[in-house]
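Top to bottom, those sequences are chains V, E, C and Y. According to full-length UniProt numbering, the first sequence holds residues 1 to 208 in order. According to full-length UniProt numbering, the second sequence holds residues 1 to 208 in order. According to full-length UniProt numbering, the third sequence holds residues 1 to 208 in order. According to full-length UniProt numbering, the fourth sequence holds residues 1 to 208 in order. For glycine and all other residues, C-beta sits at the position ideal for the given N, C-alpha and C.
Protein chains: 4
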Amino acid sequence: MVTQSGKPVPDAARRSEKSRRAIYEAALALVAEAGYPKTTIEGIAARAGVGKQTIYRWWGSKADVLLEAFLDLSEQAAEAAGQVPYAIPDTGDLAADLKAVLRATVDELLDPRFEAPSRALAAEGLVNEQLAREFVAKLLEPQLQLYVDRLRSAQDAGDVRADVDPRIALELFVSPLAQRWLQHTGPISYEYTDTVVDYALHGLAPRS
Amino acid sequence: MVTQSGKPVPDAARRSEKSRRAIYEAALALVAEAGYPKTTIEGIAARAGVGKQTIYRWWGSKADVLLEAFLDLSEQAAEAAGQVPYAIPDTGDLAADLKAVLRATVDELLDPRFEAPSRALAAEGLVNEQLAREFVAKLLEPQLQLYVDRLRSAQDAGDVRADVDPRIALELFVSPLAQRWLQHTGPISYEYTDTVVDYALHGLAPRS
Amino acid sequence: MVTQSGKPVPDAARRSEKSRRAIYEAALALVAEAGYPKTTIEGIAARAGVGKQTIYRWWGSKADVLLEAFLDLSEQAAEAAGQVPYAIPDTGDLAADLKAVLRATVDELLDPRFEAPSRALAAEGLVNEQLAREFVAKLLEPQLQLYVDRLRSAQDAGDVRADVDPRIALELFVSPLAQRWLQHTGPISYEYTDTVVDYALHGLAPRS
Amino acid sequence: MVTQSGKPVPDAARRSEKSRRAIYEAALALVAEAGYPKTTIEGIAARAGVGKQTIYRWWGSKADVLLEAFLDLSEQAAEAAGQVPYAIPDTGDLAADLKAVLRATVDELLDPRFEAPSRALAAEGLVNEQLAREFVAKLLEPQLQLYVDRLRSAQDAGDVRADVDPRIALELFVSPLAQRWLQHTGPISYEYTDTVVDYALHGLAPRS
DNA sequence: CCCTAATCGAGACGGTACGTCCTGTCTTGTC
DNA sequence: GACAAGACAGGACGTACCGTCTCGATTAGGG
């Protein structure tokens, strides 16, 4: 079978699982060690002990490789932590729950295993909208959906105003952290995220 | 004269102004037309009618060139709009002032002349911390400082709680917009920024 | 069964005749259409509707394939012309007989069906002595032997000096034609070969 | 300036003589050591300590490189032997002069420095007519012209029939040697070339 | 106002990586 | 067990840029 692009579609059933895993590991290792711009397809192939064509057969670019490798890594990490299926805890104390989750996010953002590849993917996504859409759809949006769910529950409990749109509301505590991390606009810490949660829940204006 | 690095320091007094302008224009045009990754130093030099060495003499990388070109562009645009010195309006109505400023920001983020280079610089900054620091110091932080000033004024007027840290508070309405734009996590519009301002000022929790 | 080389010896009895013929035809067609260097094993396999391994199983290189294909072609052509067994005519007029045979050779050298593969094999033979030996033994030497026979007969008839070595003598009229064709050192025509035969039989020096 | 092909014409005045020499040497060495098919442009570039682009800038293929390298080698060898300008000796004894020259040719054909590249070029020429024309025009034809001159002189002296075409006549002694060497159809030796000269000058038919 | 030294346009250079093509081997499933 | 199909590790292809370098030809500023 051949697609419109003229490229033959490779037979996924005969794909080498060993090569795929080796490519994931090589890509993540190189991005962590040398940085994304110095990570090359040739370098990944060499480190994985794989022909370049094996990469080009299954992926369209190094960004695609890294995205899949990172998704795989995230999945493995989630499984290892027994977090599948995952949800934001619901102890009844919304502020405490959000603070806990954001503290975990801070930990992850500072984990060097995750930092290099996710920065790289974010950077690529800035300039490559196609990749960004996939990144958001497969990784970011599912996570944000958890906040939506928790906020809905909080609305049911009367802890959040009913007229608030949870999809927008969640950005009040998630985006500040994201921007500080992405753009180096400030340090990130537990204290910082706790403060953001407090401001977001109760607003800046004084109580009347 | 020669620095410790061994590189001779070029004599800025004899620098060709014409070449510099041509390089700025070429860099911005190429980033807009072909995208940042396909913009090359050779391409900039060719388009500017300039030798490659003239670029390497004055800048260290294509990111440096683009950063300067973009700073220059921003300056020109600000001058043209008579916005120097600039401040957030202070009508006494904090919510209205913030909404107005954010609407202007939405306009700018959607202006194609600005979008391509600023996305490119943001992307480079994700992976190149040195550049990010410069980008933040020269462009982002001065803008954020305006919010700090306006919030301080609001605190004096009693429109914002005195115990709120303005540098963190501003992120409640700035970062959501930034993240949506940077990561394509959602559409950006006047309605959206207005909503964010309302949520941020009054919080998500119901008034007691 | 397995040889010392470790390669299993394929069972010739189970060989697919259809595939072999298809490979011959594909190889000859590709060499004629695209030229020898652009003819690849993959291309032959694809055109023949055959797996690559089927070629590697029975031949050692594309030169081997082409040699066999060409031998097959020559055999078929000879059979079609009813020229088996073949000999140089012996009308008693040596000069006339040689001229006739060389005119036939000129025709063959200019036949496009033969030109491309035989040039290719000759070229390969220049650099690959093993193939050259096989090419000479299976194709060239048998043809040259016909000249030896005819010259021996001429010696018996007193038309050629008895002390002449026929194996060397034949090269006087065969080699000039061969070189002109191989190296493009001059045009080849009936007139040319006739002249060469005259010169060779009677020498360049004036009769004393 | 740009040619019809669209390729910019490089500025020959700024060409690196050192690189050119290094490329010649690398090409000749690799052809001699590894053989023509295993000689690659990458290999030549690496051995010469040169970028690939420097080869592609000045030559169109490895055959072009080798042709120039071989022409250069031949020129140097001729200069070293004080053979410029060169001519076939004219002692008045045509047979002796021809035998002497052909013995020198035998020596050269067996000289390993010359054998590998000239075989390679001859092989390439078989399949690449463009290269063959250049090879013939620059190397072969000038040499053959020397035979034409010597034969003309012999005709003046009455040692060769006046109605003989020297351009064809020379092939009687040159081509047999060429074919034996090119196609491995027989051994080459002084005795062999001497015999060929005798046959060619006096013919195969008995004197009447 | 000229002289001289630095900048300039141009582009060749040694390299590195690109994405493609082919090699020769190996594996899978069909006949 | 030979076959069609094609994935695989490997390696060369020819191209595009990198950052350095070397050329004249301006082009300013200090003498």
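Enclosing alpha helix (DSSP H) for residue i [first to last residue]
i: residue 56 of chain Y; result: 52–58
i: residue 18 of chain E; result: 17–34
i: residue 43 of chain Y; result: 41–48
i: residue 117 of chain E; result: 112–127
i: residue 80 of chain V; result: 62–80
Check: residue i C-beta below 6 angstroms from any heavy atom of the ligand MN
i: residue 142 of chain E; result: The ligand MN is absent from the structure shown, which contains no ligand whatsoever.
Inset, instruction - Pull out every residue of the segment 30–54 of chain C whose Cβ sits closer than 8 angstroms to any Cβ of chain Y, in chain order. - result: Correct list: 35, 36 and 37.
Inset, instruction - Take every Cβ of the segment 147–156 of chain E, pair it with every Cβ of the segment 177–195 of chain V, and state whether three or more of those distances are shorter than 8 angstroms. - result: Because the criterion of three Cβ pairs below 8 angstroms is not met, the segment 147–156 of chain E and the segment 177–195 of chain V do not touch.
Inset, instruction - Spell out a yes or no on whether the segment 152–159 of chain Y and the segment 136–144 of chain Y are touching, meaning 3 or more CB-CB pairs, one atom from each, closer than 8 angstroms. - result: When Cβ pairs closer than 8 angstroms are counted between the two stretches, the segment 152–159 of chain Y is seen not to touch the segment 136–144 of chain Y, the count staying below three.
Legend entry - Contact set between the segment 109–143 of chain C and chain Y, restricted to residues whose Cβ is under 7 angstroms from the partner: Cβ contacts with chain Y: 119, 120, 122, 123, 125, 126, 127, 129, 132, 133, 136 and 140.
Legend entry - Within the segment 126–191 of chain C, ranges of the alpha helix (DSSP H) (whole runs, at least 4 residues): Every alpha helix (DSSP H) stretch that sits fully inside the segment 126–191 of chain C and reaches 4 residues is listed by chain position as 129–135, 141–156 and 166–183.
Inset, instruction - Taking a Cβ distance cut-off of 8 angstroms, strictly less, list which residues of the segment 54–67 of chain V are near chain E, in chain order. - result: Sequence-ordered contacts of the segment 54–67 of chain V with chain E are nonexistent [C-beta pairs closer than 8 angstroms].
Legend entry - Residues within the segment 172–192 of chain Y neighbouring chain C, beta-carbon criterion of under 9 angstroms: Of all residues in the segment 172–192 of chain Y, only 172, 173, 174, 175, 176, 177, 178, 179, 180, 182, 183, 184, 185, 186 and 192 come within less than 9 angstroms of chain C when Cβ atoms are compared, listed by chain position.
Legend entry - At least 3 beta-carbon pairs within less than 8 angstroms: the segment 23–36 of chain C vs the segment 22–32 of chain E: The answer is no - the segment 22–32 of chain E does not touch the segment 23–36 of chain C, with fewer than three Cβ pairs under 8 angstroms.
Legend entry - Three CB pairs or more closer than 8 angstroms across the segment 125–138 of chain V and the segment 115–126 of chain E: Yes: the two stretches touch, three or more of their Cβ pairs being nearer than 8 angstroms.
Legend entry - Cβ pair count under 8 angstroms reaching 3, the segment 103–110 of chain C against the segment 95–112 of chain Y: Segments in contact, no.
Inset, instruction - Inspect the CB distances between the segment 131–138 of chain V and the segment 166–178 of chain V and report whether three or more fall short of 8 angstroms. - result: Not touching, per the Cβ criterion.
Legend entry - Validate contact between the segment 58–75 of chain E and the segment 38–50 of chain E using beta carbons, cut 8 angstroms, 3 pairs: Pairwise C-beta distances place the segment 58–75 of chain E in contact with the segment 38–50 of chain E, as three or more of them are shorter than 8 angstroms.
Legend entry - Near-chain E residues of the segment 194–208 of chain V - C-beta to any C-beta below 8 angstroms: Listed in sequence order: 195, 196, 199, 200, 201, 202, 203, 204, 205, 206, 207 and 208.
Inset, instruction - Note down, in chain order, all residues in the segment 155–172 of chain E with a beta-carbon under 8 angstroms from any beta-carbon belonging to chain V. - result: Cβ contacts with chain V: 158, 159, 160, 161, 164, 165, 167, 168, 169, 171 and 172.
Legend entry - Inter-stretch contact (C-beta, 8 angstroms, three-pair minimum) for the segment 158–169 of chain Y and the segment 177–187 of chain Y: By the Cβ rule, the segment 158–169 of chain Y does not count as touching the segment 177–187 of chain Y, because fewer than three pairs are nearer than 8 angstroms.
Legend entry - Inter-stretch contact at 8 angstroms, needing at least 3 Cβ pairs: the segment 194–205 of chain V / the segment 85–101 of chain V: Segment contact: the segment 194–205 of chain V against the segment 85–101 of chain V, three or more CB-CB distances shorter than 8 angstroms; contact assigned.
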